[in-house]
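Residue numbers (the working numbering): 33 to 173.
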Amino acid sequence: MGSFKPNKILDVVRGCFVAATPEEIVRQSLLLEMIRTLGYPKELLAVEKQLSELPHLMGVERLPKRRTDIVCYARGIHPLLLIECKEGDVGKEAIQQALGYNAFVGAPFVAVAGKRGCALVFPESKSFLPHYKELLLSANY
33 MGSFKPNKIL
43 DVVRGCFVAA
53 TPEEIVRQSL
63 LLEMIRTLGY
73 PKELLAVEKQ
83 LSELPHLMGV
93 ERLPKRRTDI
103 VCYARGIHPL
113 LLIECKEGDV
123 GKEAIQQALG
133 YNAFVGAPFV
143 AVAGKRGCAL
153 VFPESKSFLP
163 HYKELLLSAN
173 Y
């Protein structure tokens, strides 16, 4: 038969079906936009990974058991962008959570995404997510 799964959504990065929760719908919509429109290479995206599973943090001791929503890498294992996804509107708590995760991840850019879109929150605020190449240039990668 086809690839339709009730109450499931295809994770375009991990290549499997996941529960279609409101937050997951936000995450998958954003991933599609990042890959199709904004030039983010699918192979450089990590989705729902524990901090200890991120390539540049493997072997680091005493990492908290936290799971990142999306981490985008530059070529190699240099983190470029960390994104925290929320099912609803994004507030100060989501921004603080993303910045807290980034204290371990060390990405030069941090964004938050909700049902109304995605915005860059660090190092400067922008009401949109920039193109992948723009972030690479800004980070001098």
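Glycine included, C-beta positions come from ideal geometry on N, C-alpha and C.
Runs of the beta strand (DSSP E) lying entirely within the region 52–124 and spanning at least 3 residues, in chain order: 77–82, 99–105 and 111–117. Going by beta carbons, L83 and R59 fall outside the 8 Å limit. Beyond the five residues adjoining it in sequence on each side, I67 comes within less than 6 Å, by CB distance, of K74 in the same chain, given in chain order. Apart from sequence neighbours up to five positions away, the residues of its chain that approach D121 with a beta-carbon distance below 8 Å are G146, K147 and R148, ordered along the chain.
When the beta-carbon positions are compared, L114 and Y133 come within less than 8 Å of each other.
For L152, the uninterrupted beta strand (DSSP E) run begins and ends at G149 to F154, by DSSP. Following the DSSP letters along the chain, one finds K40 inside the beta strand (DSSP E) bounded by residues K40 to D43. Ranked by Cα distance from T69, the first of N172, K165 and S170 is K165. In the three-state reduction of the DSSP assignment, A171 falls in the coil class, being assigned neither a helical nor a strand state.
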